[in-house]
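Numbering (the numbering used here), first residue to last: 12 to 477. Heads up, the beta-carbon is just placed ideally off N, CA and C, and yes, glycines get one too. The structure presented is a predicted model; accordingly, all values stated were derived computationally and were not measured. Below: the structure, in structure tokens.
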């Protein structure tokens, strides 16, 4: 999650309501509800014939501004596991965030199905979306509003719980504006970060472009990627990630090996931020021979990671920057029987890879095991195309950042390549995010369950700064 400024209500905003303007509530029941995220005190409130649920941890009324999620009822996403929306993912992420904070409230608001148009109308809108309309135009084609939700009952429950001032978990600024008009102060809004899915990406992009929802980074996506939450996620956890920039037709360099530069400055700054967030960066010998990279953090502030050189035949020249320059500790992984030249820098440690059959690539899991003996944090597999492809095919990556640059090379050094499936139905599809770096588009594929769990967390816990 990331903290977002609240927009002004604007000149046409209605004045703040008082408690007397809000609908009456009837407390129907109170009990405890054990969940995967801990035990929540749970109350049922009926207002204007609709029963809503308040789930909370701790005593939110004693906190100056407790964490609150207004969650709109979504049978298809919350209960049936639909991937057409992100409601189920947002519900899980919100409960996790509140549990981590120790104190907070989730209001499950019934009658909000389909942004307030109802279940049957939502399914009719889905059918129109199947025919090509987006979520906004589908509602309008049915003669329905873009968003018909009413937050008066939510405001009344928050007042009843003694919480007239909250921090709101939402990527939708409209919710904060509505609460403010209903007498609930929202000094801070926190955007939950959950990965898009292939099935819902168009729907979510429409909400961002036409309904003012936040971008995946929790802020407008542009050339400056400095605050993407994933950097803090990688620094806080132990993942294996990969990065590769390739042309629109899938090459990382021209036929002669020239790769300066496939992607632009903003994407290269993104790469340096990844380096600054991890403990080690892995490259294959071909990349070092072709590019003579430094593999250090130069474009952004940060500490240089351990450089790991995957070189089973010891073909990296002794004069290469990584073997000559002491700017970063370096681990040179060579085959069990090859000779290494004398006179390399004291910053270089030589380690032997395990035996592999002739012609067989080095086992990526064995490489990770060797690196793990030296670092505990995240590991970045940076290149080249064959190395990244081998690690992806081996299933050892938690996520991969694949940048596509608007250039056609036609014939060159290939980027991602692996033995795929014979039919599209079996092709690799994972949750993903997209970022725009200047003219380049970067897709972050979230590959592992662990990475998906990490992505639903706010790197700095919601209780920080409370």
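Measure the CB-CB distance between residue 424 and residue 262 and report whether it falls below 8 Å. yes
By Cβ distance below 6 Å, which residues in the same chain neighbour residue 264 in space, the five residues on each side in sequence not counted? These residues qualify, in order along the chain: 270, 423, 424.
Own chain residues within Cβ distance below 7 Å of residue 206, not counting five before or after: Within the same chain, residue 206 has close Cβ partners 442, 443, 444, 457, 463, 466.
Jot down the residue ranges of each uninterrupted alpha helix (DSSP H) in the segment 61-124, minimum 4 residues, whole runs only, in chain order. Taking only runs of at least 4 residues, the alpha helix (DSSP H) segments lying wholly in the segment 61-124 are 98-112.
Other residues of its chain near residue 106: CB distance less than 7 Å, five sequence neighbours each side excluded: Closer than 7 Å at Cβ, skipping near neighbours: 46, 48, 117.
Over what stretch of residues does the alpha helix (DSSP H) that includes residue 168 continue unbroken? 163-171
What residue does the beta strand (DSSP E) around residue 379 start on, and which one ends it? No beta strand (DSSP E) contains residue 379, which is instead part of the alpha helix (DSSP H) from 375-383.
Applying the criterion that 16 or more other CB atoms from any shown protein chain within 10 Å of the CB defines a buried residue, is residue 320 buried or exposed? buried
Anticipated Cβ contact below 8 Å, residue 322 with residue 386, distance rounded: The pair is not a contact, with the Cβ atoms about 19 Å apart (cut-off 8 Å).
Let me know the secondary structure DSSP gives residue 234 once reduced to three states. Low confidence applies to residue 234: its pLDDT is 38, below 50, so where it sits in the model is not reliable, and the reading given next is rough at best. Residue 234: coil per DSSP, three-state reduction.
Same chain, Cβ closer than 8 Å to residue 198, neighbours up to 5 away in sequence not counted: Here the set comprises 17, 76, 176, 178.
Measuring CB to CB, does residue 78 end up less than 8 Å from residue 112? yes
Nearest-angstrom Cβ-Cβ length linking residue 164 and residue 128, presumed shorter than 8 Å: Not confirmed; about 17 Å, so no contact.
Helix, strand or coil at residue 454 [DSSP, three-state]: strand
Buried or exposed for residue 436, going by 16 or more other Cβ atoms inside 10 Å? Exposed, by the Cβ-count rule.
Apply the 10 Å Cβ neighbour rule to residue 345 and answer buried if 16 or more other Cβ atoms are within range, or exposed otherwise. buried
The beta strand (DSSP E) spanning residue 449 covers which residue range? From DSSP, residue 449 is part of no beta strand (DSSP E); its letter is neither H nor E.
Could you tell me the boundaries of the beta strand (DSSP E) in which residue 258 lies? Unbroken beta strand (DSSP E) run through residue 258: 251-258.
Quick check on residue 521: does DSSP put it in helix, strand or coil? Because the chain is modelled from 12 through 477, residue 521 falls outside the range shown and cannot be assessed.
Contacting residues, own chain, Cβ-Cβ under 8 Å from residue 278 (five flanking each side not counted): 256, 414, 416, 448, 449, 451, 453
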